[in-house]
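K.L.:
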Amino acid sequence: MKRSTLRSAVPGTSGPRLFAAGLVWLTISAGAVAAPEVLDPIEVRAARPPMDESFDAELVRDELGCDLAEDLGRMSGITKIRKGGIASDIVIRGFYRDNLAVLIDGTRIQGACPNRMDPPAFHLDSTEVERVDVQRGPFDVRQAGCLGGVLEVRTRDAKQGFHGEMNLGGGSFDRFDGSGFLSYGAPRRSFLGGASVKRSDAYRMGDGRRFTELDFPKPANRYRPQDRDGLAYDMRTGWAKATFGSDRDRRFDLSYTRQEADDVLYPYLFMDAVFDDSDQVNGTYRWRGKGRVEQGLAQWYWNRVEHEMDDRKRASSTANPVTAVGALPRVYSMRTLATSEVTGGRAEATLRGAGSMLVGTDFYSRQWNAVTTRLQMGRYLDASSVPDVRVDNLGFYAQQRRSVGKGRRLVCGVRVDLADSRARTDCASLYRRFGTEARTEALDTTFTGNVQYQFPVGEKFEAFVGVGHGARLPDAQERFFALPSTPMSRGTVGNPALKPVENSELDASLTYTGGRFSGRATVFYSELGEYIIPTAVRAGNDSVKTYRGVDARQYGVEATGRLNVTRKMTLTNNLTYTRGQNDTESLELPEMPPLRFDSRLRWDDGRSFVELEEVATARQNLIDARIGETPTPGWAITNLKVGRRGSGYKAAIGVINLLDHFYVEHLSNLRDPFAVGVKVPEPGRTVYATYQRTF
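Mapped onto our numbering, the consecutive letters of the sequence shown carry residue numbers 18 to 712.
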């Protein structure tokens with residue numbers, strides 16, 4: 018199907034009215050904004066708590082990571098869920114999907130695929146990224162849905178003068194990455210534009226087979242022989258950003274990104290993406306004032322994702338799925354067309370006084386629609402799998418930061434959210450059949466907040482204690498998904514009775530800085546209410562997958578350390594452990610990552626560098642077998658990278674999984690409606706080379 022034929026999903030008018038109400042609240046709180054004056058640059062980063070870190074994207078531009086999830090694996094507590102050659106999901110302390118808030122320059126983008134083929138971070142190119150701010154735990158009241166953490170991508174700004182960058186990379190499995198940008202910056206205006214292409218064939222696993230040659234539980238899910246050696250993905254991205262004004266008084270940023278992805282293979286699902294396209298527009302105005310308001314921000318954004326997936330490359334699209342031969346009336350036996358559109362905004366002000374007081378309001382409206390077509394008894398029948406669901410969310414928040422003594426910092430924040438979720442296509446009879454509430458609308462109010470305290474312990478230690486309460490809404494798939502069973506496949510039905518998920522968390526850490534060594538140890542403990550897990554429900558002889566809320570606990574430890582062995586050599590180690598327990602049913606909480614350790618030894622004299630990395634995980638036996646989880650063996654791999662930099666260039670070559678081990682990450686997305694029940698192994702030995710030229 019052509020891209021232009023997807024149905025439009027245009028938000029209505031209730032959202033802007035709610036946002037206008039928020040602006041009135043902000044005006045009352047902040048008072049009138051005085052005329053601007055020239056001050057320091059607008060973005061002044063305060064002392065940050067230990068669970069709030071930034072990842073500099075420049076550190077991994079000499080590697081050939083497929084996406085942001087692979088790049089962030091260097092950080093303690095962050096893992097990924099592999100689905101294929103690209104578009105992995107980011108996991109922080111066992112939280113992922115809607116349990117994390119993922120933003121791009123403050124904007125909330127949601128993928129269209131009901132199976133998370135396109136997680137939010139998929140919809141930008143790594144060349145756009147300046148840094149990634151990672152907030153662990155429910156400690157950010159600026160964002161709705163901050164349950165397990167916030168991950169915010171910050172894109173590049175143009176620097177003063179005329180600059181450019183070109184990046185070329187290639188490697189095993191016919192991998193090619195090419196990107197570049199040009200920018201011009203003047204005192205009162207700047208412009209930046211760039212483009213990228215990425216493509217690769219299906220990678221080979223440690224046993225020598227391509228991932229398209231996996232052994233699937235059902236023969237119908239196998240890739241057809243003629244499609245096993247083709248592209249695993251083909252992506253093109255273009256972006257532009259214009260900035261007007263000065264960092265020191267007032268500034269307006271306007272950006273646009275367009276991405277097109279074709280032929281993206283997802284072996285863990287029944288289907289693969291035919292195309293996945295996105296458009297993003299973001300406008301942000303910042304100013305500094307005098308009087309009561311120190312600085313302010315107003316933002317408005319819009320994005321849209323169009324998605325098509327089908328099984329045309331699988332044996333299920335043939336007349337005889339066992340032998341994968343013969344033609345059907347159409348090129349597929351199953352297809353989903355989906356759109357997701359988000360409109361949102363924010364207005365906030367920082368007030369002068371004792372410490373720093375931030376007050377604000379934000380709003381977003383998401384329209385999500387998906388239609389799944391399946392061949393049944395010789396006929397193609399449509400089902401409103403995501404039944405045209407609209408979610409409007411309005412939030413108000415306030416946060417106080419202040420110094421309470423030498424080296425002592427206190428942060429307190431509160432937030433309230435009002436949300437209206439409704440399915441415009443009525444599937445109540447399907448919900449009623451499986452014993453859930455037969456309704457298509459939900460109104461929710463959530464209250465969140467936190468208290469954080471940092472203080473010195475002697476001359477070289479700093480301690481942190483934080484208590485936070487976060488919440489997030491059940492998403493449209495969990496609440497309203499409506500895909501009945503067929504003779505060939507098990508159905509998935511949402512649960513409209515789901516309540517918002519809540520997380521009450523305690524974090525404590527101790528940081529040491531002194532001499533050649535620095536390190537940090539963190540412990541965390543979460544009490545989870547109405548935590549959503551997949552389950553099964555039966556009506557007669559028909560069993561479907563659905564969702565339920567349980568009370569649970571999640572706890573763990575993170576440790577990181579860095580030793581300057583010599584002036585040119587450093588050793589960095591990370592250790593992460595997370596465990597979850599389902600208290601309602603006295604079971605293990607599913608989808609928990611195992612114990613993980615990584616160590617990097619790097620020699621760097623400023624021009625040449627060599628880096629050796631070891632990554633290992635323990636066996637994961639703590640599973641919930643009822644939803645199909647199975648134990649995962651532990652594994653260890655070795656990565657090696659060497660490179661050289663000079664005036665205006667940087668080149669590197671590297672090997673991932675040097676010893677060509679066959680291994681599988683534990684997390685597997687078993688909750689997805691179209692999961693085939695197979696874990697996707699990681700790539701075998703992968704050789705790559707990169708070259709960067711700047712001017």
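The C-beta atom is built at its ideal place from N, Cα and C for all residues, glycine as well.
Please read all numbers here as calculations on a predicted model, not as lab measurements.
Between which two residues does the beta strand (DSSP E) carrying Ser357 extend?
P.N.:
351-368
K.L.:
Going by other Cβ atoms of all chains shown within 10 Å of its Cβ, with 16 needed for buried, is Tyr242 buried or exposed?
P.N.:
What sits at residue 242 in the sequence shown is Pro, not Tyr. With fewer than 16 Cβ atoms within 10 Å of its Cβ, Pro242 is classed as exposed.
K.L.:
State the start and end residues of the unbroken alpha helix (DSSP H) segment that holds Gln494.
P.N.:
493-497
K.L.:
If I'm right that Phe498 touches Pro513 with Cβ under 8 Å, what's the distance once you round it to whole angstroms?
P.N.:
A Cβ-Cβ distance of about 10 Å is found for the pair Phe498 and Pro513, leaving them out of contact under the 8 Å criterion.
K.L.:
Is the beta carbon of Leu120 less than 8 Å from the beta carbon of Gln160?
P.N.:
yes
K.L.:
From this set, Trp317, Phe380, Arg91, which residue's C-alpha is nearest Asn656's C-alpha?
P.N.:
Arg91
K.L.:
Just to confirm before moving on: does the CB-CB distance between Gly195 and Ser213 stay below 8 Å?
P.N.:
yes
K.L.:
Can you tell which of Ser560, Gly536, Ala203, Asn591 has its C-alpha closest to the C-alpha of Arg268?
P.N.:
Ala203
K.L.:
Under three-state DSSP, which class holds Arg432?
P.N.:
strand
K.L.:
Helix or strand or just coil, what does DSSP make of Asp88?
P.N.:
helix
K.L.:
Label Met222 either buried or exposed according to how many other C-beta atoms from any shown protein chain fall within 10 Å of its C-beta, with 16 as the threshold for buried.
P.N.:
buried
K.L.:
Look at the alpha carbon of Ala488 and the alpha carbon of Pro136, and state the distance between them as a whole number of angstroms.
P.N.:
C-alpha separation (whole angstroms): 20 Å.
K.L.:
Looking at the structure shown, is Asp399 part of a helix, part of a strand, or coil, going by DSSP?
P.N.:
strand
K.L.:
My assumption, with CB atoms under 8 Å, is that Thr335 sits in contact with Ser402. Please give the rounded CB distance.
P.N.:
With a Cβ gap of about 23 Å, Thr335 and Ser402 do not count as contacting.
K.L.:
Taking Cβ positions, are Asn428 and Ala493 nearer each other than 8 Å?
P.N.:
Just to set this straight, residue 428 is Val in the shown sequence, not Asn. Contact flag unset, no.
K.L.:
Using DSSP bridges, identify the partner residues of Tyr448.
P.N.:
Partner(s): none; Tyr448 has no beta bridge.
K.L.:
Measure from the alpha carbon of Thr463 to the alpha carbon of each residue in Thr530, Arg418, Ile109, Glu547, then state which is nearest.
P.N.:
Glu547
K.L.:
Check whether the region 139-155 touches the region 68-76, counting contact only when three or more Cβ pairs, one atom from each stretch, lie closer than 8 Å.
P.N.:
They touch, by the three-pair rule.
K.L.:
Please check the pair Arg363 and Gly123, which I expect to be a contact at CB under 8 Å, by giving their CB distance rounded to whole angstroms.
P.N.:
Contact holds; Cβ gap of about 7 Å.
K.L.:
Alpha carbon to alpha carbon, what distance is there between Glu628 and Thr44?
P.N.:
With a pLDDT of 38 at Thr44, under the threshold of 50, the modelled position of that residue is not reliable, and no figure is offered here.
K.L.:
Which word fits Ser93, buried or exposed, when buried means at least 16 other C-beta atoms lie within 10 angstroms of its C-beta?
P.N.:
buried
K.L.:
Look up Leu76 in the DSSP assignment and say whether it is helix, strand or coil.
P.N.:
helix
K.L.:
Are the CB atoms of Gly536 and Arg579 nearer to each other than 8 Å?
P.N.:
yes
K.L.:
Can you give the Cα-Cα distance for Val518 and Gly162, rounded to whole angstroms?
P.N.:
9 Å
K.L.:
Is it right to say Tyr564 is buried, meaning 16 or more other beta carbons lie within 10 angstroms of its own, or is it exposed?
P.N.:
buried
K.L.:
Considering only residues of the same chain and omitting the five flanking positions on each side of Cys444, which have a CB-CB separation below 8 Å?
P.N.:
Ser401, Pro404, Thr457, Phe497, Ala499
K.L.:
Taking a contact to mean a Cβ-Cβ separation below 8 Å, would you say Ala731 touches Leu588 in this structure?
P.N.:
Since the displayed the chain opens at 18 and closes at 712, residue 731 lies outside it and no answer follows.
K.L.:
Looking only at its own chain, which residues have a Cβ that is under 6 Å from the Cβ of Trp385, when we skip the five neighbours before and after it?
P.N.:
Ser357, Val403, Val406, Ala493
K.L.:
Indicate whether at least one CB of chain D lies closer than 8 Å to the CB of Arg702.
P.N.:
In the structure shown, chain D cannot be found, because there is only a single protein chain.
K.L.:
Pick helix, strand or coil for Asp115, following the three-state DSSP scheme.
P.N.:
Asp115 falls in the helix class under three-state DSSP.
K.L.:
What is the rounded straight-line gap between the Cα of Glu17 and the Cα of Ile107?
P.N.:
The structure shown has nothing for residue 17, since the chain only spans 18 to 712.
K.L.:
Could you tell me the distance, in whole angstroms, from the CA atom of Val704 to the CA atom of Pro501?
P.N.:
45 Å
K.L.:
Does the beta-carbon distance from Leu286 to Ala692 come in below 8 Å?
P.N.:
In contact: Leu286 and Ala692 (Cβ atoms closer than 8 Å).
K.L.:
By DSSP, does Ser93 sit in helix, in strand, or in coil?
P.N.:
coil
K.L.:
Which residues does DSSP pair with Arg537 in a beta bridge?
P.N.:
Thr528, Thr577
K.L.:
Of all the options Gly210, Ala237, Phe190, Arg643, which has the alpha carbon lying nearest to the alpha carbon of Tyr220?
P.N.:
Phe190
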